[in-house]
Every structure is written in C-alpha cells, then in structure tokens.
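Everything below concerns the one structure shown next.
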Amino acid sequence: MITVVLLGKLADLAGAPSLAVSAPLDWAGLKAALPEALAEALDDPRNRIALNGVLFADKASLEAGAGDEIALLPPVSGG
Amino acid sequence: MRDIRLLDRMFIPGTLIGPFTQANPGLGGVCTFVGEVRFDDGVEALELTHYEPLTLPGMHALADRAFERFDLMGLLMVHRVGEMRPGEPIVCVSAAALHRRDAIDAVDFCMDHLKSAAWFWKREKRGGEWHWIEPREQDHSDLARWQA
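Chains F and V, in that order, give the protein sequences. Letter by letter, the first sequence follows residues 317 to 395 in the numbering used here. Letter by letter, the second sequence follows residues 1268 to 1415 in the numbering used here.
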C-alpha cells in the first residue's frame, strides 16, 4: 500500500487526513484512486506534492511503490 | 546558541527568552518577537497543521539562511502547532548579536518567512465551524522585501 497524506483543505476533500491506496501507481493512477473532488484539485499547479518527505517538482512524472508516502500540499497559509 | 522547535502545547515565551539570552554571553543586543492568536471577532480557536518531514527541516533551513545573512550569535525559533485559543502564544523568535541591526533584522527576516513560506496550514473556528485560512497577499509582499 501507499499512504497518501492530505494537508490543509485537501484533507476535507478526502474526508480524512490520510488514505491508503494500492501500489504501485503513477500520476494518472493516483488521481484515479482518489475521490473525484480531490483528483480535480491535484491538477491545480498551486497544490504541490512530496514523495517520502521530499518535495517532488514534476507531479506528472510521479512513480510510487509499496511503502511510499505521498503528501498532497495545498498553498501554505503561514504560521 | 541555536534552538529551533515545534511545540504541540502551550508555552510561555518568557521561560525561553531568559535562558536563551544567558546562553549567548557577550552579546550586544537581543531582539525578540512573540506572536499571539489575535482576539478577532468571533474567533474561538485557531489550529495549525504541519507536515513533519517538511516543517521542522524547513525551519532549520530558514535558520541556516538567517545565520548566513546576518552576523548572529544565537537564534531561537519556536512555533506552535495544534489547537490554540485567542491570547495564546503561537510563535517566538529571538536573535542575539553583537550589534542591534543584525538581531532586529534577523527576527524580521525569520518572521516574514515563517508567515508566508513555512509549511503550516491554518484554520480558525467561528460559531463552532472550522474555516481554512487562505494565503494573504500582504504576506507575499512582506517576503519580497528580502529578495534583493
């Protein structure tokens, strides 16, 4: 399984702070595995992702395997 | 002396600032900023979420840049996460230096970056309901001051 961690308002779209999805998957596979509203939000360039705790610049080239953690990061609202 | 922390419970800034000042013997000046949750109309609580792998490392990277940019002896950067009530401290940044300008500017620099570029997501509770807070334009223009 792959853990998808949802931050900020993306957690509301998912209905949970994290989800487990089947491995392996790429960008299209990730979107297909998520609730529709969340999948749509992922295309917004302001929403960024991290793979295993490291920012991932080119979302479309994502390849994740079992045990990986993907974080979906909306724009920060600051401290 | 460098002390960078995320705290998940109430803290009293005064208890950090005294020891921090003592830990930088020979300093010429120390500048401290404490931010508290504002008593805005109808706000019952504020909640800050963070993402462990990015948030604290990001604060350390910010501290590194502050040490590169200013002539500092010490830097204290403490930020709350979790749920807070109006009046509770949310952030404390203190800088010790030989000269006041480095201490004052380092605190200003760290605060502008914490407010706009740090990995925090914020929501507030009004009338029993939580609302996410969107990024503010003012925070981005504050950040632009340092991009020379």
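Built from N, CA and C at the ideal position, the CB exists for glycine as well. Quick caveat: nothing in here was measured; it's all calculated off a predicted structure.
Nearest candidate by alpha-carbon position, reference residue i, set the options
i, options, result
"residue 1335 of chain V", "V:1377, V:1395, V:1396", "V:1377"
"residue 1270 of chain V", "V:1349, V:1361, V:1317", "V:1361"
"residue 1348 of chain V", "V:1317, V:1397, V:1393, V:1333", "V:1317"
"residue 1288 of chain V", "V:1407, V:1340, V:1320, V:1307", "V:1340"
"residue 332 of chain F", "F:385, F:323, F:347", "F:323"
"residue 1322 of chain V", "V:1307, V:1304, V:1344, V:1309", "V:1344"
"residue 368 of chain F", "F:390, F:386, F:346, F:378", "F:386"
"residue 389 of chain F", "F:338, F:370, F:364, F:328", "F:364"
"residue 1413 of chain V", "V:1337, V:1286, V:1285", "V:1337"
"residue 1296 of chain V", "V:1411, V:1363, V:1333, V:1285", "V:1363"
"residue 1365 of chain V", "V:1385, V:1320, V:1292, V:1352", "V:1292"
"residue 1383 of chain V", "V:1395, V:1400, V:1394", "V:1400"
"residue 325 of chain F", "F:349, F:362, F:343", "F:362"
"residue 380 of chain F", "F:329, F:344, F:330", "F:344"
"residue 1350 of chain V", "V:1369, V:1282, V:1397", "V:1397"
"residue 1368 of chain V", "V:1283, V:1294, V:1286, V:1281", "V:1294"
"residue 1370 of chain V", "V:1352, V:1333, V:1395", "V:1333"
"residue 1342 of chain V", "V:1411, V:1409, V:1283", "V:1283"
"residue 1307 of chain V", "V:1286, V:1281, V:1352, V:1411", "V:1352"
Three-state secondary structure (DSSP) of residue i
i, result
"residue 1277 of chain V", "coil"
"residue 385 of chain F", "strand"
"residue 1296 of chain V", "strand"
"residue 335 of chain F", "strand"
"residue 1284 of chain V", "helix"
"residue 352 of chain F", "helix"
"residue 326 of chain F", "helix"
"residue 1371 of chain V", "helix"
"residue 1290 of chain V", "coil"
"residue 380 of chain F", "strand"
"residue 1406 of chain V", "helix"
"residue 360 of chain F", "coil"
"residue 374 of chain F", "coil"
"residue 343 of chain F", "helix"
"residue 1411 of chain V", "helix"
Distance between beta carbons of residue j and residue i, contact taken as under 8 Å
i, j, result
"residue 341 of chain F", "residue 318 of chain F", "7 Å"
"residue 1346 of chain V", "residue 1273 of chain V", "6 Å"
"residue 1331 of chain V", "residue 394 of chain F", "With a Cβ gap of about 20 Å, residue 1331 of chain V and residue 394 of chain F do not count as contacting."
"residue 271 of chain F", "residue 334 of chain F", "This structure leaves residue 271 of chain F out entirely; chain F is present only between 317 and 395."
"residue 346 of chain F", "residue 378 of chain F", "6 Å"
"residue 1393 of chain V", "residue 1309 of chain V", "5 Å"
"residue 1290 of chain V", "residue 392 of chain F", "Their Cβ separation, rounded to whole angstroms, is 31 Å, which puts residue 1290 of chain V and residue 392 of chain F out of contact at 8 Å."
"residue 1320 of chain V", "residue 349 of chain F", "That pair is no contact at about 22 Å."
"residue 351 of chain F", "residue 327 of chain F", "With 8 Å as the limit, residue 351 of chain F and residue 327 of chain F do not qualify as a contact, their Cβ atoms being about 12 Å apart."
Residue-level contact to chain A via CB, residue i, 8 Å cutoff
i, result
"residue 1413 of chain V", "In the structure shown, chain A cannot be found, because the protein chains are F and V."
Practice task
Please confirm if the stretch 1380–1395 of chain V is in contact with the stretch 1311–1330 of chain V, defined as three or more CB-CB distances below 8 Å between the two stretches.
Solution key: Flag = yes, the stretch 1380–1395 of chain V and the stretch 1311–1330 of chain V touch.
Exercise for the section: Tell me, please, whether the stretch 1355–1375 of chain V touches the stretch 1316–1331 of chain V by the rule of three or more beta-carbon pairs shorter than 8 Å. Expected result: Taking 8 Å as the limit for Cβ pairs, the verdict is that the stretch 1316–1331 of chain V does not touch the stretch 1355–1375 of chain V.
Exercise for the section: Quick one: which unbroken beta strand (DSSP E) runs of 3-plus residues sit fully inside the stretch 1299–1365 of chain V? Chain order, please. Expected result: Segments of the beta strand (DSSP E) lying fully in the stretch 1299–1365 of chain V: 1310–1317, 1339–1347, 1349–1351, 1356–1364.
Handout entry: At least 3 beta-carbon pairs within less than 8 Å: the stretch 369–376 of chain F vs the stretch 1299–1311 of chain V
Key = Segments in contact, no.
Exercise for the section: Determine contact between the stretch 1353–1360 of chain V and the stretch 1276–1283 of chain V, defined as no fewer than three beta-carbon pairs at a distance below 8 Å. Expected result: Yes, they touch.
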